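So the sequence shown is numbered by this note's numbering: it starts at 192 and just counts up by one.
The structure under discussion appears below in the form of structure tokens.
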Amino acid sequence: MTTHEWNRRRFLGTAAAGAAAFVAGCSPDATTGERPVGVRPENEQQGTTDWTLRRRGTDHAVEGYADRVSVLPGEAFHLHLSSTAAGLRAEAFRMGWYGGAQARKVWASEHISCGPQPVPRASGATRTVAASWQPSMEVPTRGWPEGAYLIRLTSDAGDQRYVPLTVRSAQTAGKLVLVNAVGTWQAYNTWGGHSLYYGPGGKDDYASRSLAVSCDRPYDRDGAPLFTTYEQPAVALAEKLGLPLAYVTSMDVDREPELLRGAHGVVSLGHDEYWTPAMRSRVTAARDAGTNVAFLGANACFRRIRLEQGLGGDRRLVVCYKTDWEQDPLSGRDDASVTADWREPPHARPENSLTGTLYESNPTTADYVVTDPGHWLFEGTGVPRGAAFRNLVGTEYDRVNSGTATPRPIEIVAHSRLVCRGVRTFADSAYYTVPGGAGVFNTGTMRWVESLTGDGSHGIPPATARFTSQVTANVFRAFAAGPAGHSHPAADNLESFHPYEGDPIASREHLW
């Protein structure tokens with residue numbers, strides 16, 4: 192019997208510790224027999240502050256990946272692990288609020304014998320890096336509530352990395368749906384020396400970057416950099432509010448046509464750039480049926496991708512040719528699936544028809560300026576007109592455009608002047624409503640979710656967290672209650688904000 196098989200059998204059947212209280216009256220999942228867990232009773236359980244990484248160590252000291260991006264509660268998954276030490280231990284943390292601890296440990300392994308596994312080279316015409324590692328163990332999820340998880344690996348030498356996993360919701364009706372942007376995570380993942388941006392020549396090395404990236408490999412840096420930066424703070428806030436939540440990944444939205452049926456709201460978190468046509472059509476259909484949509488970042492739904500078969504199974508390969516779209520094998524055969532930017536040929540569909548705003552550029556840093564303090568989004572903040580929040584806009588930003596793709600009625604509630612790549616322009620936060628009753632809000636800045644921590648990153652004053660947390664809570668509560676357009680219809684003000692003619696809150700002597 193191999194070491195991997197011995198570990199697999201040893202951990203198969205290990206029960207999760209401290210299963211959460213069940214919601215009375217909820218029926219079990221037909222596939223796994225697991226019952227949904229309520230957000231409030233789950234967060235009343237004892238959390239732990241010991242979920243962060245104490246020491247990352249050197250590259251490849253310890254790392255791993257899961258063979259599934261998401262599982263239903265009770266479904267097992269495999270971890271593929273590598274360590275330069277003799278072995279490691281794994282712990283699973285459900286991310287939430289837990290009285291401010293922000294995580295609860297639901298499971299821990301025994302010691303796993305595990306040596307180093309090879310870092311493969313990029314291969315094929317798409318220059319794809321995929322680690323065909325042997326599985327090290329099978330992990331059960333019995334008793335794991337739905338949610339976003341970090342699996343923390345700790346080697347015998349003390350080096351640590353994360354492996355992210357979503358325990359997804361089978362149904363989203365009546366809930367606020369938080370979407371983990373796995374496609375975007377992989378687009379930026381440079382593990383193995385390649386991403387959709389990086390090749391041996393560095394950033395934007397388009398001659399050697401990958402044209403398809405694999406989920407069958409670890410993530411770079413801490414093992415979950417885009418989740419910990421752009422998603423986890425919003426997850427903590429949503430769970431703190433005790434709202435009815437559902438958790439899915441971008442891959443789940445692509446795979447399951449009815450997944451968003453009856454959802455009260457869908458939340459695109461802080462960096463959600465890469466969307467398949469199925470993802471976009473399903474979120475758009477949900478919006479038109481009355482499901483609210485919140486975009487908490489900028490540059491959302493900018494790149495069109497395809498999900499294909501990878502080493503580990505279906506939807507494990509993220510394909511995106513970008514500006515090389517004419518090389519896409521589907522070019523001229525299925526132009527709606529060609530992986531160019533959404534706003535570009537051969538099948539242009541500008542993203543603002545869904546998001547309300549258009550991505551303009553990066554990098555920039557600017558103050559976020561409130562133009563409509565009486566708007567319901569700003570209730571409880573006490574901000575006056577013209578209130579400015581230092582450095583909150585950046586590094587990417589969006590702007591409302593007066594073109595035909597922009598939904599109407601739309602309200603610009605923050606209009607922030609900036610300079611990017613030598614161009615004077617603005618970033619906008621906007622809210623629009625549709626006939627079906629849905630409301631759509633877009634912050635227009637990549638730093639929104641980062642600011643929720645109040646840690647002072649990017650020179651954003653810690654006190655800004657009070658403002659962005661209150662606005663986000665207003666959005667979450669209103670969107671979780673049902674079609675926000677019924678109680679908060681948008682009053683169009685776009686004509687007051689001509690895209691390139693000036694700042695309406697500035698005097699004529701100081702037009703931007």
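Cβ atoms here follow ideal geometry from the backbone N, Cα and C, with glycine treated the same way.
Everything numeric in this text was worked out from a predicted model, so none of it was measured.
How would you label residue i, buried or exposed, when you count the other beta carbons within 10 angstroms and need 16 or more for buried?
i: Arg246; result: exposed
i: Pro309; result: exposed
i: Thr440; result: buried
i: Ser323; result: exposed
i: Val614; result: exposed
i: Thr663; result: buried
i: Thr555; result: buried
i: Asp241; result: exposed
i: Gln377; result: buried
i: Asp505; result: exposed
i: Arg497; result: buried
i: Ala215; result: In this prediction, Ala215 scores a pLDDT of 30, lower than 50, which makes its location untrustworthy; no coordinate-derived value is stated.
i: Lys394; result: exposed
i: Val640; result: buried
i: Gln237; result: exposed
i: Thr249; result: exposed
i: Ser607; result: buried
i: Pro575; result: exposed
i: His302; result: exposed
i: Asn414; result: First, the residue type needs correcting, since residue 414 is Gly and not Asn in the sequence shown. Classification for Gly414: buried.
i: Ala682; result: exposed
i: Gly547; result: buried
i: Arg612; result: exposed
i: Pro653; result: exposed
i: Cys217; result: Confidence at Cys217 is low in this model, with a pLDDT of 42, below 50, so its placement is unreliable and no value can be given for it.
i: Thr239; result: exposed
i: Pro695; result: Because the pLDDT at Pro695 is just 39, under 50, the model does not fix this residue reliably, and the point stays unresolved.
i: Gly291; result: exposed
Could you round the C-beta distance between residue i and residue j to whole angstroms and report it? I think they count as a contact, below 8 Å.
i: Asp532; j: Phe493; result: 6 Å
i: Thr514; j: Tyr397; result: 7 Å
i: Val474; j: Leu545; result: 7 Å
i: Ala629; j: Arg478; result: 5 Å
i: Pro674; j: Asn483; result: 7 Å
i: Ile342; j: Val358; result: Actually they are not in contact, since the Cβ atoms of Ile342 and Val358 sit about 11 Å apart, beyond 8 Å.
i: Ser300; j: Met328; result: 7 Å
i: Ala604; j: Gly577; result: For the sequence presented, residue 604 should be read as Val rather than Ala. With a Cβ gap of about 13 Å, Val604 and Gly577 do not count as contacting.
i: Val458; j: Leu502; result: At roughly 31 Å, the Cβ-Cβ gap does not stay under 8 Å, so Val458 and Leu502 are not in contact.
i: Ala485; j: Gly523; result: About 37 Å; that fails the 8 Å criterion.
i: Leu549; j: Val584; result: Contact flag wrong, Cβ pair sits at about 15 Å.
i: Tyr438; j: Leu369; result: 6 Å
i: Arg352; j: Val253; result: 5 Å
i: Asp619; j: Gly594; result: Rounded, the Cβ-Cβ distance is 14 Å, inconsistent with contact.
i: Gly287; j: Asn234; result: 5 Å
So who's on the other strand from residue i, going by DSSP bridges?
i: Met637; result: DSSP, once it has assigned bridges, lists no residue as partnering Met637.
i: Cys611; result: Val614
i: Gln351; result: Thr345
i: Pro532; result: Here residue 532 is Asp; the residue named in the question, Pro, does not match the sequence. According to DSSP, Asp532 bridges with Arg494.
i: Ala605; result: Val561, Ser620
i: Trp499; result: For the sequence presented, residue 499 should be read as Glu rather than Trp. Its beta-bridge partners are Leu508.
i: Ala485; result: Val458, Phe632
i: Thr357; result: Ser261, Ala339
i: Val662; result: According to DSSP, Val662 bridges with nothing at all.
i: Leu369; result: Tyr438, Val458
With a threshold of 8 Å between beta carbons, is residue i in contact with chain B?
i: Ala252; result: Of the chains in the structure shown, none is chain B; there is only one protein chain.
message: Closer than 8 Å is the cut-off here; do at least three beta carbon pairs connect the region 644-653 with the region 450-465?
response: no
query = So does the region 335-348 actually touch the region 268-283, counting three or more Cβ pairs closer than 8 Å?
reply = yes
Q. Going along the chain, which unbroken runs of the alpha helix (DSSP H) with 4 or more residues stay wholly within the region 300-329?
A. If we require 4 residues or more, the region 300-329 turns out to have no alpha helix (DSSP H) run fully inside it.
Q) Which ranges does the beta strand (DSSP E) cover as unbroken runs of at least 3 residues, wholly within the region 384-467, from first to last along the chain? A) 403-405, 436-440, 456-459
Q) Fully enclosed by the region 548-596, which beta strand (DSSP E) runs are 3 residues long or longer? A) Counting only runs of 3+ residues, the beta strand (DSSP E) found wholly inside the region 548-596 occupies 549-560, 579-590, in chain order.
Please confirm if the region 616-636 is in contact with the region 587-603, defined as three or more CB-CB distances below 8 Å between the two stretches. The region 616-636 makes contact with the region 587-603: 3 or more CB pairs, one atom from each, lie closer than 8 Å.
- Query: Any chance the region 463-472 sits against the region 425-438, with 3 or more Cβ pairs inside 8 Å?
  - Reply: Too few Cβ pairs lie closer than 8 Å, so no.
Exercise for the section: Report yes or no: do the region 550-568 and the region 581-589 share at least 3 C-beta pairs separated by less than 8 Å? Expected result: yes
Inset, instruction - Write down every uninterrupted run of the beta strand (DSSP E) in the region 230-315 whose length is 3 residues or greater and which is fully enclosed by it, in chain order. - result: Runs found: 253-257, 268-274, 278-286, 294-299.
The region 248-265 touching the region 385-400, judged by at least three CB pairs closer than 8 Å: Contact between the region 248-265 and the region 385-400 is absent: fewer than 3 CB-CB pairs across the two stretches fall below 8 Å.
- Message: Using a Cβ distance threshold of 8 Å, determine whether the region 562-575 contacts the region 656-671, with at least three qualifying pairs required.
- Response: yes
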